[in-house]
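Reviewing the structure listed below.
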Amino acid sequence: MILFLIFPAIIVAVTGYDCYRGKLTPQYREKIVREHNRLRSKLAKGTYKNSAGKWMPKGKNMMEMKWDCELELMAQRWADQCVSGNSPKDRRGRIGENVYTQRSDTSVAVYGTSGIMIALESWWVELTRSYKNNPSNKYTSIVANRGVSNFTQLAWGKTYKVGCGIATHCDGGKAFVAVCQYNPGGNTMGESIYEKGRPCKTDRDCSSRKCAKESGLCKLNFFI
Numbered sequence: 086m087i088l089f090l091i092f093p094a095i096i097v098a099v100t101g102y103d104c105y106r107g108k109l110t111p112q113y114r115e116k117i118v119r120e121h122n123r124l125r126s127k128l129a130k131g132t133y134k135n136s137a138g139k140w141m142p143k144g145k146n147m148m149e150m151k152w153d154c155e156l157e158l159m160a161q162r163w164a165d166q167c168v169s170g171n172s173p174k175d176r177r178g179r180i181g182e183n184v185y186t187q188r189s190d191t192s193v194a195v196y197g198t199s200g201i202m203i204a205l206e207s208w209w210v211e212l213t214r215s216y217k218n219n220p221s222n223k224y225t226s227i228v229a230n231r232g233v234s235n236f237t238q239l240a241w242g243k244t245y246k247v248g249c250g251i252a253t254h255c256d257g258g259k260a261f262v263a264v265c266q267y268n269p270g271g272n273t274m275g276e277s278i279y280e281k282g283r284p285c286k287t288d289r290d291c292s293s294r295k296c297a298k299e300s301g302l303c304k305l306n307f308f309i
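The sequence shown begins at 86 in my numbering and counts up by one.
Below, the structure is given as structure tokens:
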């Protein structure tokens with residue numbers, strides 16, 4: 086009986102939006118996840134064009150994103166360093182990471198945590214600004230050199246965890262740094278950015294055996 090009572094509490098703490106050591110509110114964490122999944126769903130359904138005006142391929146087995154409190158902590162620690170580039174890869178292992186910096190002549194405190202949404206928009210726009218035709222849909226050296234690695238991480242089909250942080254004290258309060266980290270990380274050379282095919286309509290369409298039918302994204306099934 087004791088184990089039964091404790092176990093659900095652990096699940097809520099790990100997979101929910103209440104991260105007791107994080108700086109973001111539960112509502113804002115949910116907003117970030119919702120935006121990630123909105124973008125990924127539209128991509129999986131084939132509603133985006135690349136910079137050449139060609140339709141992006143539809144995607145199957147694209148995972149639905151969930152918030153991860155540990156990723157948030159790591160992202161926040163790096164954001165607090167006020168560095169415009171990525172953290173050392175040997176510290177992150179297989180964790181993916183996107184970093185965005187914005188400066189202003191006045192205080193950036195007005196942005197608050199909303200700077201993360203600005204960062205997401207900036208990363209995703211790489212698709213229409215710089216991503217060119219890529220018939221194989223794989224992450225190659227050519228793709229890597231086009232300056233679209235933030236977009237490809239956001240679009241990475243196998244990624245299902247995200248955590249973000251933001252620092253608004255940088256450069257005397259005139260710059261903010263937003264960081265999102267992803268697990269499993271994407272941008273692996275030679276691998277597909279996402280699997281081409283039709284987005285899921287039933288659980289059988291997903292390798293994870295669980296489909297979010299409205300979005301066409303696949304959900305992680307903890308029982309397989």
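No residue lacks a Cβ here, since even glycine has one placed at the ideal position from N, Cα and C. Source: prediction; values computed, not measured.
For a test of the three-state rule: what should DSSP assign to TYR185, helix, strand or coil?
Numbered from 1 along the sequence shown, position 100 holds the residue referred to as residue 185. DSSP places TYR185 in strand when its eight states are reduced to three.
Candidates LYS259, CYS104, LYS145 and THR132: which alpha carbon is nearest ILE34's?
There is simply no residue 34 to check, as the chain begins at 86 and stops at 309 in what is shown.
Among GLU276, ALA129 and CYS249, the one whose alpha carbon lies nearest that of ASP165
On the sequence shown, residue 165 is found 80 positions in, with the first residue counted as 1. Of the candidates GLU276, ALA129 and CYS249, the one whose C-alpha sits nearest the C-alpha of ASP165 is CYS249.
Does the beta-carbon distance from MET150 to ASN122 come in below 7 Å?
Residue mapping note: residue 150 aligns to position 65 of the sequence shown, counting from 1. Residue mapping note: residue 122 aligns to position 37 of the sequence shown, counting from 1. Taking 7 Å as the cut-off, the Cβ atoms of MET150 and ASN122 count as close.
Thinking C-beta only, is PRO284 closer than 7 Å to GLY301?
Here residue 301 refers to the residue found at position 216 when the sequence shown is read from its first residue. Here residue 284 refers to the residue found at position 199 when the sequence shown is read from its first residue. In this structure, PRO284 lies closer than 7 Å to GLY301 by Cβ.
Taking the straight line between their C-alpha atoms, what separation do you get for ASP190 and ALA204?
As a working note, residue 190 is residue 105 in the sequence shown. As a working note, residue 204 is residue 119 in the sequence shown. Whole-angstrom Cα-Cα distance: 19 Å.
Close Cβ partners of ARG106 (< 8 Å) along its chain, the five nearest in sequence each way excluded
For the purposes of this step, residue 106 is taken as residue 21 along the sequence shown, with counting starting at 1. Counting only Cβ-Cβ distances below 8 Å, and skipping sequence neighbours, we find CYS154 and LEU158.
Tell me which residues share the same chain as THR253 and place their Cβ nearer than 6 Å to its Cβ, disregarding the 5 neighbours each side in the sequence.
Residue mapping note: residue 253 aligns to position 168 of the sequence shown, counting from 1. Contacts found: VAL193, ALA194 and PHE261.
Compare the Cα-Cα distances from ILE201 to each of GLY138, ALA160 and ALA229 and report the closest residue.
Counting from one through the sequence shown, the residue named residue 201 turns up at place 116. Checking every option, the nearest Cα to that of ILE201 belongs to ALA160.
Measuring alpha carbon to alpha carbon, tell me which residue in LYS127, GLU115, SER136 and CYS104 is nearest ARG231.
On the sequence shown, residue 231 is found 146 positions in, with the first residue counted as 1. Checked all of LYS127, GLU115, SER136 and CYS104; the closest Cα to ARG231 is SER136.
8 Å Cβ shell around LYS298 - same chain, five flanking residues per side excluded:
Reading the sequence shown from its first residue, position 213 is the one you call residue 298. Once the five neighbours on either side are set aside, the close Cβ partners of LYS298 are CYS285, LYS286 and THR287.
Would you call the CB atoms of ALA263 and TYR185 closer than 7 Å?
Looking up residue 263 in the sequence shown gives position 178. Looking up residue 185 in the sequence shown gives position 100. Closer than 7 Å, so yes.
Would you mind sorting LYS246 into buried or exposed? The rule is 16 or more other CB atoms within 10 Å of its CB.
As a first step, residue 246 is located in the sequence shown; it is residue number 161 there, counting from the start. With 16 or more other Cβ atoms within 10 Å, it is buried.
Quick check: ALA129 and MET141, are their CB atoms within less than 7 Å of each other?
Within the sequence shown, the letter at position 44 stands for residue 129. Within the sequence shown, the letter at position 56 stands for residue 141. Result no, Cβ atoms of ALA129 and MET141 do not sit closer than 7 Å.
Taking the alpha-carbon of GLU276 as reference, which of SER199, PRO111 and VAL228 has the nearest alpha-carbon?
Position 191 of the sequence shown, counted from the start, is the residue given in the question as residue 276. The residue with the shortest Cα to Cα distance from GLU276 is VAL228.
Just reading off the beta strand (DSSP E) that CYS324 is part of, what are its end residues?
In this structure the chain extends from 86 to 309, so residue 324 is not present and cannot be described.
Nearest residue (CA-CA) to LYS134, options ASP290, GLU280, SER215 and LYS304:
In the sequence shown, the residue the question calls residue 134 occupies position 49. Closest by alpha carbon: SER215.
Can you check which of these residues, LYS139, THR198, PRO173 and LEU156, is closest to CYS104 by C-alpha distance?
By 1-based counting over the sequence shown, the position of residue 104 is 19. Taking only the C-alpha atoms, the option nearest CYS104 is LEU156.
Could you tell me the distance, in whole angstroms, from the CA atom of ARG188 to the CA atom of LYS174?
Numbered from 1 along the sequence shown, position 103 holds the residue referred to as residue 188. Numbered from 1 along the sequence shown, position 89 holds the residue referred to as residue 174. Computed Cα separation, rounded: 25 Å.
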